[in-house]
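If you read the sequence shown in numbering that gives the first Met the number 0, its first letter stands for residue 0, the second for the next number, and so on.
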Amino acid sequence: MGRIMNKVLVIGASGQLGSVVLNQLLEAKQECIAFVRPSSKFSPPSSDYLQVAQGDLADAASVEKACVGIKQVIATASSIIPRHGDKFGINEVENYQHLIKACQHHKVEHLIYISAFSSPFDQLVPEFRVKRQIEKLIVDSGIPYTIFRAAAFMDIYYAVMGSRLAMDGVLHPTLLRGFWLTKLYSKLTFGLLENRGIALLPGSGKVKQSFICINDVAAFMVKALTVPSAKHRIIELGGPETLSWHDVSDIYANVLERKIINIVIPSFILNLGRVILRPFSPAGENIMSTLFLLSRHDCAIDMTEPCKEFSIHMRNTRQFLLQKLNSQHTSELT
């Protein structure tokens, strides 16, 4: 990317996506500020181009302070899968109002936000309802914006299938936050695909998704800083191919050179889970609702034009897995 003169503020820099955004900015020698909570276990990369601002979106004063002198903001923060001590989605809309007000006050010239892919079932998934409210606040704010509605992340949902490889090299995995359900699920299924040759598929496994890797999501967010046509747009963001869960399992079998047994998790089980969890675990309900949606609703996004516009060459699933394997082998040799 071409460098810009002002520092870029990265909100949620300690998260799985935010940390990748931060690293890509630093690799491009772009000056930036990582906005992280004091309680986070954030270990800042060693770089002359990086400053760290401690604060919390819930604390309007800290957000206001972080935005001083800032013209570009990339916002990835979310409490959709809560960290230890947090509650699902608590005041997330109000927290983003703090950011929007600070951006307005300091005349921020570009706010880039990550949201969830479009579907006809937004009201079914709590996360999607929260994201759409925040989107509206941003669009109505008068701040030049780019909103990316991203499809299912390979790095997260391949791990949900039982893959250890999908999380290889990830510094801040979303699934291993302090939330009890995702930690328990990960403990029970981590490496099931590679170690036992078993893949867990939501629904029938036939529904297709435009899976995208987090590195590519970050690349679009970073590139949007220097692509003038990105402003004042909501952009659907998917991967270079549309695959069913069965297709993904077949690619794993080919890459790992072993037979994979598919175990489907029926949609009615996922739906029942979200209903059961709703009264006492909003975060659990959200996770089950998302999986239910991904088990029933096809998501196909044509990325031909966005890739040309942003000059980005995306990784398909096979390339994603081979890159992970190569990194793993390199680490073993050093």
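For glycine and all other residues, C-beta sits at the position ideal for the given N, C-alpha and C.
- request: Ignore the nearest five residues each way along the sequence and tell me which others in L290's own chain have a CB closer than 6 Å to its CB.
  value: Taking the sequence shown and counting its residues from 1, the one referred to as residue 290 is at position 291. Within the same chain, L290 has close Cβ partners P201, L269.
- prompt: CB P365 to CB S288, shorter than 8 Å?
  reply: Missing from the structure shown is residue 365; the chain here goes from 0 to 333 and no further.
task: Could you tell me which residues DSSP pairs with T145 in its beta bridges?
output: Reading the sequence shown from its first residue, position 146 is the one you call residue 145. Under DSSP, T145 takes part in a beta bridge, and its partners are I111, R232.
message: Quick check on T173: buried or exposed, where buried means 16 or more other Cβ atoms within 10 Å of its Cβ?
response: As a first step, residue 173 must be located in the sequence shown, where it is residue number 174. Classification for T173: buried.
- prompt: Given that a residue counts as buried once 16 or more other Cβ atoms are within 10 Å of its Cβ, and exposed if not, what is I262?
  reply: Numbered from its first residue, the sequence shown carries residue 262 at position 263. Around the beta carbon of I262, fewer than 16 other beta carbons lie within 10 angstroms, which makes this residue exposed.
- request: State the DSSP-derived secondary structure class of P125, mapped to helix, strand or coil.
  value: For this step, residue 125 is matched to residue 126 along the sequence shown. In this structure, P125 counts as helix in the three-state DSSP scheme.
message: Given a cut-off of 8 Å on the beta-carbon distance, is the pair I113 and F152 in contact?
response: Stepping through the sequence shown from its first residue, residue 113 is reached at position 114. Stepping through the sequence shown from its first residue, residue 152 is reached at position 153. Not closer than 8 Å, so no.
- request: State the Cα-Cα distance for the pair D154 and F319, rounded to the nearest angstrom.
  value: As a first step, residue 154 must be located in the sequence shown, where it is residue number 155. As a first step, residue 319 must be located in the sequence shown, where it is residue number 320. Each residue's alpha carbon lies about 9 Å from the other.
- prompt: Do the region 6 to 19 and the region 62 to 82 touch if we need at least three Cβ pairs shorter than 8 Å?
  reply: Using a Cβ-Cβ distance cut-off of 8 Å, the region 6 to 19 and the region 62 to 82 are in contact, since at least three pairs of beta carbons, one from each stretch, lie closer than that value.
query: Just how far apart, CA to CA, sit I133 and E91?
result: In the sequence shown, counting from the first residue as 1, residue 133 sits at position 134. In the sequence shown, counting from the first residue as 1, residue 91 sits at position 92. Per the coordinates, the alpha-carbon of I133 lies some 8 Å from the alpha-carbon of E91.
task: With DSSP as the reference, label V9 as helix, strand or coil.
output: Residue 9 sits at position 10 when you count from the first residue of the sequence shown. Strand at V9.
- prompt: Measuring CB to CB, does V247 end up less than 8 Å from L324?
  reply: As a first step, residue 247 is located in the sequence shown; it is residue number 248 there, counting from the start. As a first step, residue 324 is located in the sequence shown; it is residue number 325 there, counting from the start. L324 sits away from V247, with the two beta carbons spaced by 8 Å or more.
field: Status (buried if at least 16 other CB within 10 Å, exposed otherwise) for Q122
entry: Taking the first residue of the sequence shown as 1, we reach residue 122 at position 123. Exposed is the label assigned to Q122, since fewer than 16 other Cβ atoms lie within 10 Å of its Cβ.
field: Backbone secondary structure at I211 - three-state DSSP
entry: Position 212 of the sequence shown, counted from the start, is the residue given in the question as residue 211. Residue state, collapsed to three classes: strand.
message: Considering just the uninterrupted stretch of the alpha helix (DSSP H) at A285, what are its terminal residues?
response: The residue labelled residue 285 in the question sits at position 286 within the sequence shown. Note that residue 285 is Asn in the sequence shown, not Ala. Annotation for N285: the continuous alpha helix (DSSP H) segment containing it runs 281 to 295.
message: Taking the beta carbon of H312 as the centre, do at least 16 other beta carbons fall within 10 Å, making it buried, or is it exposed?
response: Counted from its first residue, the sequence shown places residue 312 at position 313. It counts as exposed.
Simplified DSSP state of N261, which is helix, strand or coil: The count along the sequence shown starts at 1 and reaches residue 261 at position 262. Strand at N261.
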